[in-house]
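Engineer:
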Amino acid sequence: MAWKSAQYREMAVLLWRGFTYDQVMAQCFGNYEDNGTKGRQMPVHFGSKALHFHTISSPLATQIPQAAGVGFALKRDPLRRGKNCAAVFFGEGAASEGDFHAGMLLASTIPSPTLFIARNNGFAISTPSSEQYHGDGIASRGPGYGIDTIRVDGNDVLAVYSAVKEARRRCIDQGRGVLVEAMTYRVGHHSTSDDSFAYRPRQEVEDRKRIDNPIARFRKFLEHRGWWSDGDEEEYKDKVKKDVMKAFKRGETMQRPELKEMFNDVYGGEEPWNIKEQREELRQLIRKYGQDWEPWKNELKKFKGDFTES
Ligand SMILES: Cc1ncc(C[n+]2csc(CCOP(=O)(O)OP(=O)(O)O)c2C)c(N)n1
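Residues 0 to 309 (numbering that gives the first Met the number 0) make up the sequence shown, in order.
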């Protein structure tokens, strides 16, 4: 199974590998079933050791040189050499960070089977790609690093599938990095706190949704072949919506992980004195005020276990 390093739009990779809706909600709500990040990460910053998915970091592009390092480690391991690669996802905005260049250079000079997947969706929040680079997108940078590169129509599901399949084959066979740039258009707002109509026309978005959209296009393809219909679509959407809402309601009401988790896993190896000291200080404060001061009393009920006892 390839090691994945993602930005924050790759939840589908996890779902494809068997991550459940309950696990998604556990991470987003930071409840006690959030085994990967234990309530200590921002929502959608998933991670799963079992599914070989590195925990997502907020600072853009940090995953890129890390992935090149993972690729190198895979190549050094006799059991995984020639079988596995590291795959890293990032946006065209993240590719403006120095870390993009560091990662590409690393995979090129200390060759490592790393699949760089740039998803160029035209925007980095409000910055259009026309302001992101003056050259020919991200793909044009690959040859400069001696890295095999392909640009693909990111709105054509099957084209992306075959491009990535071939890129992966080359990556593993040659033990070298390969760059894929998938061209698409972000029809949604950047996030729920963004109003993209402040910086692009509504009509442009509506047109893209209807005309050149991977979901709409693939659906048309399936319908044309007689493999999908309006009825199938309605039935499927209805089922997924129900399943998602069920997991949402369940995850929302569950208790948070034990408070002591906040201090765990900060460093590897022996725990340093400052972490011990901070844990003890919080314990003393909770002993003193936890049951008397209303805001803390209410807040503490949301966590599993009794921190003062642990
Ligand atoms: C180093 C750093 N700078 C800025 C940000 C704020 N930020 C978060 S997402 C984002 C846009 C990223 O755009 P892109 O890489 O194209 O990915 P997209 O969101 O379009 O998928 C920015 C600027 C950040 N998280 N980290």
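No residue lacks a Cβ here, since even glycine has one placed at the ideal position from N, Cα and C.
As the structure is a prediction and not an experimental result, all values here were calculated from the model.
1) Taking buried to mean at least 16 other C-beta atoms within 10 Å of its own C-beta, is Arg201 buried or exposed?
2) Compute the Euclidean distance between the alpha carbons of Tyr144 and Glu9, then round it to the nearest angstrom.
3) Extract the residue ranges of the alpha helix (DSSP H) inside the segment 244-280, only unbroken runs of 4 or more that lie entirely within it.
4) Could you check the C-alpha separation between Phe247 and Asp21 for me, to the nearest Å?
5) Going by DSSP, what residue range makes up the alpha helix (DSSP H) through Leu59?
6) Give the secondary structure of Asn119 by DSSP, where H, G and I count as helix, E and B as strand, and everything else as coil.
7) Relative to the C-alpha of Asp172, which candidate in Gly141, Cys84, His188 and Tyr198 has its C-alpha closest?
8) Which whole-angstrom value is the C-beta distance of Lys74 and Ser111, which I expect to be below 8 Å?
9) Can you look up Gln2 in the DSSP assignment and give me helix, strand or coil?
10) Would the beta-carbon of Asn212 fall within 9 Å of that of Tyr235?
11) For Pro64 and Gln26, I'd like the C-alpha separation in whole angstroms.
12) Rounded to a whole number of angstroms, what is the C-alpha to C-alpha distance between Arg46 and Gln254?
13) Could you please give me the residues that DSSP links to Pro294 through a beta bridge?
14) What span of residues does the beta strand (DSSP E) with Glu165 cover, start to end?
15) Would you call the CB atoms of Gly136 and Met103 closer than 9 Å?
16) Would you say the beta carbon of His189 comes nearer than 8 Å to a heavy atom of ligand 1?
17) Helix, strand or coil for Val179, going by three-state DSSP, please let me know.
18) Out of Gln277, Lys303, Asn263 and Pro271, state which residue places its alpha-carbon closest to the alpha-carbon of Gly35.
19) List in chain order: all unbroken alpha helix (DSSP H) runs of 4+ residues lying wholly within the segment 73-155.
20) Assign Glu269 to one of two classes, buried (16 or more other C-beta atoms within 10 Å of its C-beta) or exposed (fewer than that).
Structural biologist: Looking at the atomic coordinates:
1) As a working note, residue 201 is residue 202 in the sequence shown. The residue in question, Arg201, is exposed, as its Cβ has fewer than 16 Cβ neighbours within 10 Å.
2) As a first step, residue 144 is located in the sequence shown; it is residue number 145 there, counting from the start. As a first step, residue 9 is located in the sequence shown; it is residue number 10 there, counting from the start. Rounded to the nearest whole angstrom, the C-alpha separation of Tyr144 and Glu9 is 26 Å.
3) You should have found no qualifying run.
4) For this step, residue 247 is matched to residue 248 along the sequence shown. For this step, residue 21 is matched to residue 22 along the sequence shown. Cα-Cα distance, rounded: 8 Å.
5) Looking up residue 59 in the sequence shown gives position 60. Counting along the chain, Leu59 falls outside any alpha helix (DSSP H), and DSSP gives it neither H nor E.
6) Within the sequence shown, the letter at position 120 stands for residue 119. In this structure, Asn119 counts as strand in the three-state DSSP scheme.
7) Within the sequence shown, the letter at position 173 stands for residue 172. Nearest of Gly141, Cys84, His188 and Tyr198 to Asp172, Cα basis: Cys84.
8) Against the sequence shown, residue 74 aligns to sequence position 75. Against the sequence shown, residue 111 aligns to sequence position 112. A Cβ-Cβ separation of about 6 Å places Lys74 in contact with Ser111 under the 8 Å criterion.
9) For the purposes of this step, residue 2 is taken as the residue at position 3 of the sequence shown. Note on residue identity: the sequence assigns Trp, not Gln, to residue 2. Trp2: strand per DSSP, three-state reduction.
10) Within the sequence shown, numbered from 1, the residue matching residue 212 stands at position 213. Within the sequence shown, numbered from 1, the residue matching residue 235 stands at position 236. The answer is no: Cβ separation not under 9 Å.
11) Reading the sequence shown from its first residue, position 65 is the one you call residue 64. Reading the sequence shown from its first residue, position 27 is the one you call residue 26. Cα-Cα distance, rounded: 25 Å.
12) In the sequence shown, residue 46 corresponds to position 47, counting from 1. In the sequence shown, residue 254 corresponds to position 255, counting from 1. The question names Arg, but residue 46 is Gly in the sequence shown. CA-to-CA, the gap between Gly46 and Gln254 works out to about 20 Å.
13) As a position in the sequence shown, residue 294 is number 295, starting the count at 1. Paired residues: none, contrary to the question.
14) Walking along the sequence shown from the start, residue 165 turns up at place 166. No beta strand (DSSP E) contains Glu165, which is instead part of the alpha helix (DSSP H) from Val156 to Gln173.
15) Mapped onto the sequence shown, residue 136 falls at position 137. Mapped onto the sequence shown, residue 103 falls at position 104. It is not a contact, given that the beta carbons lie outside the stated cut-off.
16) In the sequence shown, the residue the question calls residue 189 occupies position 190. True, at least one ligand heavy atom lies under 8 Å from that Cβ.
17) The residue labelled residue 179 in the question sits at position 180 within the sequence shown. If DSSP states are grouped into helix, strand and coil, Val179 belongs with the strands.
18) Working through the sequence shown from its first residue, we reach residue 35 at position 36. Measuring from the Cα of Gly35, the nearest candidate turns out to be Asn263.
19) Within the segment 73-155, the complete alpha helix (DSSP H) runs of at least 4 residues are 97-108.
20) Along the sequence shown, one-based indexing puts residue 269 at 270. When all chains shown are included, Glu269 counts as exposed.
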